[in-house]
Amino acid sequence: MTLHNAPEHPRHGAEICSFVFAGDISGAVAELAQAVAATTDPRQQGWLLEQKATYLDQIDPARAQETLAAARQKNPAVLRPLSGVTYQRISASAQQASAASDYLSRIYSDDRTQLRVGFEVLLDALRFDPSQTAVEAFEQAFCNLGEHLGFAAQRPERDIGSGPDVLWALGDLRYWVIEAKSGATAGYIGKVYANQLTGSTLWFHRHYDNSVNAVPVMVHPADRLGKDATATAGARVITQATLDNLKDTVRNYASALAQTRWDDPVIVDQLLTGHRLCAGNLYSYTRAIKAA
1 MTLHNAPEHP RHGAEICSFV FAGDISGAVA ELAQAVAATT DPRQQGWLLE QKATYLDQID
61 PARAQETLAA ARQKNPAVLR PLSGVTYQRI SASAQQASAA SDYLSRIYSD DRTQLRVGFE
121 VLLDALRFDP SQTAVEAFEQ AFCNLGEHLG FAAQRPERDI GSGPDVLWAL GDLRYWVIEA
181 KSGATAGYIG KVYANQLTGS TLWFHRHYDN SVNAVPVMVH PADRLGKDAT ATAGARVITQ
241 ATLDNLKDTV RNYASALAQT RWDDPVIVDQ LLTGHRLCAG NLYSYTRAIK AA
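Mapping the sequence shown onto full-length UniProt numbering, position 181 (from 1) lands on 181, and the numbers just tick up by one.
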């Protein structure tokens with residue numbers, strides 16, 4: 001098991017090292033357990049649990065894998081356990097505005113400057129760019145965008161190794177199954193990308209029951225299929241033009257938020273409605289995928 005360069009908890013790092021140097025792996029494991037309990041940051045807890053799993057692997061490999069699975073639930077960036085990760089379904093709040101208000105208040109508190117900067121950093125990452133770094137940043141930003149708008153969001157392909165790049169739960173049993181091909185440069189949607197969207201849609205229906213409605217959505221600069229590609233039923237695409245439209249709308253929404261109180265769900269609801277960013281409006285930022 002390879003350990004990431006995980007940040008040690010400042011109150012426990014020295015103690016952990018002393019246990020390790022003394023050959024007391026159990027002591028290091030116990031100290032890391034205390035470090036996990038001492039923080040409420042899920043990302044930090046994940047790193048610490050991963051470190052704990054590394055030490056546990058020397059004395060109890062089975063327990064180490066269980067700990068690594070727990071770490072992965074806290075922080076998807078840590079190592080994936082050998083047995084894989086159990087998929088955790090998501091569902092959206094019944095009230096989009098309340099969920100958005102809660103999320104924004106938790107992330108930005110009441111700092112208007114931080115809110116403006118946070119939105120701008122997110123929107124800057126939502127661009128077509130073939131570099132791998134930009135592609136990864138796009139997927140994370142699109143996931144975060146969903147949360148900023150009051151939806152539940154996750155990245156199944158990254159988190160568990162299968163499923164769509166991004167999944168949004170919009171509420172009222174509605175979902176977007178998203179394949180983000182922001183690194184694409186071709187003037188058409190090729191067979192491989194089209195098949196990936198179909199596969200992700202099938203994955204969704206294996207994990208969610210028939211009571212829900214899923215819209216397959218691809219982010220791609222083109223809206224037309226290649227000659228040998230077939231789109232899954234009901235598939236939509238977010239092109240350069242519709243992405244720019246969405247970004248402009250979100251930027252205006254953020255500017256309006258910064259002038260008022262985002263801790264008030266009533267105000268947030270008015271702004272979401274006024275800027276056409278409610279779940280029912282999102283379809284307008286997509287296009288039908290055209291045949292070759």
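For each residue, glycine too, the CB sits at the ideal point set by N, CA and C.
Let me confirm a value: residue i is counted as buried when at least 16 other C-beta atoms fall within 10 Å, else exposed. Which label applies?
i, result
"serine 101", "buried"
"aspartate 165", "buried"
"proline 216", "buried"
"residue 315", "This structure cannot settle anything about residue 315, because the visible part of the chain is limited to 1 through 292."
"tyrosine 283", "exposed"
"glutamine 96", "buried"
"arginine 261", "exposed"
"valine 192", "exposed"
"residue 293", "The question about residue 293 has no answer, for the chain in this structure spans 1 to 292."
"leucine 257", "buried"
"threonine 205", "The question names threonine, but residue 205 is histidine in the sequence shown. Looking at its Cβ environment, which holds fewer than 16 other Cβ atoms inside 10 Å, histidine 205 is exposed."
Nearest by alpha-carbon distance to residue i: which of the options is it?
i, options, result
"leucine 49", "Thr67, Asn245, Gly226, Ala62", "Thr67"
"glycine 190", "Asn245, Ala222, Asp263", "Ala222"
"residue 293", "Arg127, Asp60, Ile90, Val237", "Summary: the structure shown does not reach residue 293, with the chain confined to residues 1 through 292, and so no result is reported for it."
"glycine 150", "Ala288, Tyr253, Asp41", "Tyr253"
"aspartate 244", "Ala28, Leu272, Ser182", "Ser182"
"valine 177", "Arg80, His275, Pro130, Cys143", "Cys143"
"glutamate 147", "Leu277, Ala180, Ser131", "Leu277"
"tyrosine 87", "Leu272, Thr230, Tyr175, Arg72", "Arg72"
"glutamate 120", "Tyr285, Arg287, Asp248, Thr286", "Asp248"
Just the C-alpha distance for residue i and residue j, rounded to the nearest angstrom, thanks.
i, j, result
"serine 255", "serine 200", "35 Å"
"leucine 112", "aspartate 263", "Here the sequence assigns arginine to residue 112, which means leucine is not the residue at that position. Each residue's Cα considered, the two are about 12 Å apart."
"alanine 38", "asparagine 195", "45 Å"
"glutamine 44", "leucine 104", "21 Å"
"alanine 64", "glutamate 136", "29 Å"
"glycine 118", "valine 266", "22 Å"
"leucine 145", "leucine 122", "7 Å"
"serine 211", "alanine 70", "30 Å"
"serine 98", "proline 81", "35 Å"
Below 7 Å CB to CB, which residues in the same chain sit around residue i once its five sequence neighbours on both sides are set aside?
i, result
"lysine 227", "Ala292"
"threonine 40", "none"
"phenylalanine 21", "Model confidence at phenylalanine 21 stands at a pLDDT of 43, short of 50, so the residue's coordinates are unreliable and nothing is read from them."
"glutamine 114", "Tyr108"
Please go through the same chain and pick out, in chain order, the residues whose beta-carbon is closer than 6 Å to the beta-carbon of residue i, but skip the five residues on each side of it.
i, result
"glutamine 154", "Ile90, Leu167"
"aspartate 159", "Pro76"
Checklist entry - Mind pulling the alpha helix (DSSP H) runs of 4 or more residues that sit fully within the region 242-279? => result Taken in chain order, the complete alpha helix (DSSP H) segments of 4 or more residues contained in the region 242-279 are 265-274.
Checklist entry - What runs of the beta strand (DSSP E), each 3 residues or longer, lie entirely inside the region 41-124? => result Complete beta strand (DSSP E) runs here, min 3: none at all.
Item to check | alpha helix (DSSP H) segments (min. 4 residues) lying fully within the region 168-209 | outcome: Entirely contained in the region 168-209, the alpha helix (DSSP H) runs reaching 4 residues are, in chain order, 191-207.
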